[in-house]
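>
In my numbering, the protein residues as written are 989 to 1320.
Printed below as a string of structure tokens:
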């Protein structure tokens, strides 16, 4: 019997859980697709972050070697292409979400606020990742330019930063390498200069391709900033409303408790009247001319009026007095 009862309880718990799941799905079914896109976008951003770290390692390898291996350069080029591909996909997805949110801006539902918040979080993560990638590219370019400048100095070509930038922008390193002497050291320096120059050219091409993406990201984050400010303002107002409501509730409870104590103090218990026989005895004692006589109440002489103090003294009551007999019968 006990096992059967436990089975019924377990079955009831399962039914309750099933009902809860059905309610949750019914209420959030329209958000399933959105959360799926959010998760996919988040994974793509994490993949970009991993590729950026890989690109940084390849940058260090290329800069540390006088003449980097071609495989290392190929790996870097492949990784750069993958970053660009995933970044374009993420940008398009975020812009699509933004358009969808703008279309539903007239509504003020909870799901719209959730979508705005999730979109803002992903946008900022995307900006952070791409900013780190851009910083890594700029650092690689500057360090590569420094290596070219040192190699030119080895060959006897002293150049300024402006002249070096002119060479890099022209895309023709022969401007400074045409007069290099034909020696083994000069040939090695020339080979490194040309290799570094090609690396910088490829890098600048990648930066230019991502320029439009950076502009879109900057505008996206700027728009999101205003929206985040509005959300924070609404949250602050909501917190203020809740705090005031809690304070008002505490005051109401306090006032109600004080009012209850006042009512309890004012309503003192009503004394019940004495029994009927007691009323009759008291009335008789108060109205009887002899029992209520001043001499039987033992007053002081000074408290008696002058006409009473001069009246003849009444005889004292004895045990055989009819009045005492009447009093005893009443008291019994």
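We treat Cβ as the ideally placed atom computed from N, Cα and C, and that holds for glycine.
Quantities reported herein were computed from a predicted structural model and do not represent experimental measurements.
In its own chain, which residues sit with a C-beta less than 8 Å from the C-beta of residue 1113, not counting the 5 before and 5 after it?
Apart from sequence neighbours up to five positions away, the residues of its chain that approach residue 1113 with a beta-carbon distance below 8 Å are 1030, 1033, ordered along the chain.
> How many angstroms separate the CA atom of residue 1103 from the CA atom of residue 1188?
So the two alpha carbons sit approximately 41 Å from each other.
> What do you get for residue 1066, buried or exposed, if any count of 16 or more other CB atoms within 10 angstroms of its CB means buried?
exposed
> Going by Cα to Cα distance, which pick from 1121, 1085, 1184 is closest to residue 1024?
Checked all of 1121, 1085, 1184; the closest Cα to residue 1024 is 1085.
> Distance check for residue 1134 and residue 1027, CA to CA, integer angstroms please.
Using only the alpha carbons, I get a separation of about 42 Å.
> Which residue from 1060, 1072, 1111 puts its Cα closest to that of residue 1193?
1072
> Among the candidates 1210, 1138, 1206, whose CA atom is the shortest distance from the CA of residue 1118?
1206
> Can you tell me the Cα-Cα spacing of residue 1107 and residue 1082, whole angstroms?
Going from the Cα of residue 1107 to the Cα of residue 1082 covers about 7 Å.
> Hey, residue 1132 and residue 1184: beta-carbon distance below 7 Å or not?
yes
> Indicate whether residue 1195 and residue 1091 have their beta-carbon atoms separated by less than 7 Å.
No, the Cβ-Cβ distance between residue 1195 and residue 1091 is not below 7 Å.
> Could you compute how far the alpha carbon of residue 1058 sits from the alpha carbon of residue 1049?
Whole-angstrom Cα-Cα distance: 12 Å.
> Quick one: grab the DSSP three-state call for residue 1133.
helix
> Less than 8 Å between the CB atoms is what I'm expecting for residue 1064 and residue 1037, so what's the real figure, rounded?
Going by Cβ atoms, the distance from residue 1064 to residue 1037 rounds to 17 Å, so no, they are not a contact pair.
> Compute the Euclidean distance between the alpha carbons of residue 1062 and residue 1022, then round it to the nearest angstrom.
37 Å
> Give a yes or no on whether the C-beta atoms belonging to residue 1177 and residue 1142 are separated by under 7 Å.
In this structure, residue 1177 lies near residue 1142, with their beta-carbon atoms less than 7 Å apart.
> Does the Cβ-Cβ distance between residue 1074 and residue 1035 come in under 7 Å?
Going by C-beta atoms, residue 1074 is nearer than 7 Å to residue 1035.
> Would you tell me roughly how many angstroms separate the C-alpha atoms of residue 1068 and residue 1076, rounded to the nearest one?
12 Å
> Thinking C-alpha only, which one of 1121, 1208, 1056 is nearest residue 1039?
1121
> Go through its chain and collect everything with a Cβ distance to residue 1056's Cβ below 6 Å, but skip five positions before and after it.
1050
> Look at the Cβ atom of residue 1203, then the Cβ atom of residue 1111, and state whether they are nearer than 7 Å.
no
> Have a look at residue 1180 and residue 1145 and give me their C-alpha separation to the nearest angstrom.
14 Å
> Mind checking residue 1079: buried by the 16 CB within 10 Å criterion, or exposed?
buried
> Taking 7 Å as the threshold (C-beta atoms), are residue 1099 and residue 1201 in contact?
The beta carbons of residue 1201 and residue 1099 sit no closer together than 7 Å.
> For my contact list, residue 1148 and residue 1140 are in at a C-beta cut-off of 8 Å; report their separation, rounded to the angstrom.
Between residue 1140 and residue 1148 the Cβ distance is about 11 Å, and since that is not below 8 Å, they are no contact.
> Terminal residues of the continuous alpha helix (DSSP H) containing residue 1092?
Here residue 1092 belongs to no alpha helix (DSSP H), and DSSP marks it neither H nor E.
> If you count every other CB in all the chains shown that lies within 10 Å of the CB of residue 1197, and 16 or more means buried, which is it?
Exposed is the call here.
> Do residue 1149 and the ligand MG come close, with the Cβ less than 6 Å from some heavy atom?
Summarising the ligand content, the structure contains no ligands, and the ligand MG is consequently not present.
> Please list, in chain order, all residues of the same chain as residue 1070 whose beta carbon is under 7 Å from its beta carbon, the five residues on each side excluded.
1039
> Helix, strand or coil: how does DSSP classify residue 1146 here?
coil
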